[in-house]
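K.L.:
One structure, pasted below without further comment.
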């Protein structure tokens with residue numbers, strides 16, 4: 067770690083692992099995650115918090131990582147898409163995404179999946195309207211919204227133990 071005059075040493079808890087690094091006060095969390103911590107699943111597109119591609123979970127709340135400063139994230143639990151699966155197995159949300167063709171190009175998928183996790187943690191069986199509201203900050207440029215909606219419905223059923231009705 068090389069330190070410049072303006073940089074400050076911070077400790078970030080990312081996917082249950084502590085990362086100690088020097089950051090500039092103006093660096094966004096998305097920049098630090100991608101460039102300094104290797105979490106490239108956190109995409110950055112608009113840089114304005116409008117597209118949702120950079121969505122991560124901070125203390126289980128979905129937030130656009132391009133809009134928050136890394137330096138302000140100490141003592142918080144940060145979860146990226148890389149931390150979603152355990153022991154090499156897909157998380158039920160990821161399984162649902164594959165089964166329901168939730169990804170076309172895949173660029174929006176990490177942010178959509180993490181927004182879905184935040185929703186399902188708060189509301190295990192959301193209505194379609196609640197799903198649309200929770201994913202309202204995530205844009206899919208492939209216009210794959212019907213498959214994404216199906217994937218969220220399926221993930222909710224998987225995670226709640228409810229059987230899917232065919």
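In my numbering, the protein residues as written are 67 to 232.
From the three backbone atoms N, C-alpha and C, an ideal C-beta is built for every residue, glycine too.
Source: prediction; values computed, not measured.
1) Just reading off the beta strand (DSSP E) that residue 79 is part of, what are its end residues?
2) Got a sec, what are the start and stop residues for the beta strand (DSSP E) residue 166 sits in?
3) Tell me which same chain residues have a C-beta within less than 7 angstroms of the C-beta of residue 163, skipping the five on either side of it?
4) Per the contact definition of three or more C-beta pairs closer than 8 angstroms, is the region 137-148 in contact with the region 90-99?
5) Count the C-beta pairs between the region 202-216 and the region 118-126 that are closer than 8 angstroms, then say yes if the count reaches three, no if not.
6) Should residue 72 be labelled buried (16 or more other beta-carbon atoms within 10 Å of its own) or exposed?
7) Starting from the Cα of residue 133, find the closest Cα among 151, 108 and 149 and give me that residue.
8) If you drop the 5 nearest sequence neighbours on each side, which residues of the same chain put their C-beta closer than 6 angstroms to that of residue 113?
9) With a Cβ-Cβ cutoff of 7 angstroms, do residue 103 and residue 85 count as a contact?
10) What ranges does the beta strand (DSSP E) occupy inside the region 109-196, keeping only unbroken runs of at least 3 residues that lie completely in it?
11) Are the Cβ atoms of residue 157 and residue 79 separated by less than 7 angstroms?
12) Would you mind reading off the limits of the beta strand (DSSP E) that contains residue 224?
13) Considering Cα atoms alone, identify which of 183, 208, 206 and 101 is closest to residue 249.
14) Could you give the first and the last residue of the continuous beta strand (DSSP E) run that contains residue 83?
15) Out of 91, 150, 127 and 70, point me to the one whose CA is closest to residue 82's CA.
16) Look at the alpha carbon of residue 228 and the alpha carbon of residue 91, and state the distance between them as a whole number of angstroms.
17) On a Cα-Cα basis, can you pick out the residue from 87, 187, 127 and 126 that is closest to residue 223?
P.N.:
For this structure:
1) Against the chain shown, residue 79 aligns to sequence position 13. Segment 74-80, the beta strand (DSSP E) holding residue 79.
2) Here residue 166 is taken as the residue at index 100 of the chain shown, counted from 1. Premise fails: residue 166 is in no beta strand (DSSP E) and is neither H nor E.
3) Numbered from 1 along the chain shown, position 97 holds the residue referred to as residue 163. For residue 163, where only same-chain residues beyond five positions count, the Cβ hits under 7 angstroms are 169, 175, 179 and 217.
4) yes
5) yes
6) Numbered from 1 along the chain shown, position 6 holds the residue referred to as residue 72. Exposed, because fewer than 16 other Cβ atoms sit within 10 Å of the Cβ of residue 72.
7) Taking the chain shown and counting its residues from 1, the one referred to as residue 133 is at position 67. For the residues 151, 108 and 149, the minimum Cα distance to residue 133 belongs to 108.
8) Position 47 of the chain shown, counted from the start, is the residue given in the question as residue 113. Counting only Cβ-Cβ distances below 6 angstroms, and skipping sequence neighbours, we find 132.
9) For the purposes of this step, residue 103 is taken as the residue at position 37 of the chain shown. For the purposes of this step, residue 85 is taken as the residue at position 19 of the chain shown. In contact: residue 103 and residue 85 (Cβ atoms closer than 7 angstroms).
10) 121-124, 127-130 and 143-145
11) For the purposes of this step, residue 157 is taken as residue 91 along the chain shown, with counting starting at 1. For the purposes of this step, residue 79 is taken as residue 13 along the chain shown, with counting starting at 1. No. Outside cutoff.
12) The residue you call residue 224 lines up with position 158 of the chain shown. From DSSP, residue 224 is part of no beta strand (DSSP E) but of the alpha helix (DSSP H) over 211-226.
13) Shown here, the chain extends from 67 to 232; a query on residue 249 therefore has no answer.
14) Here residue 83 refers to the residue found at position 17 of the chain shown. Where residue 83 is concerned, the enclosing beta strand (DSSP E) stretches over 83-89.
15) Within the chain shown, residue 82 is the residue found at index 16, counting from 1. When only C-alpha atoms are compared, the closest one is 150.
16) Along the chain shown, read from residue 1 onward, the residue named residue 228 stands at position 162. Along the chain shown, read from residue 1 onward, the residue named residue 91 stands at position 25. Each residue's alpha carbon lies about 46 angstroms from the other.
17) Counted from its first residue, the chain shown places residue 223 at position 157. Taking only the C-alpha atoms, the option nearest residue 223 is 187.
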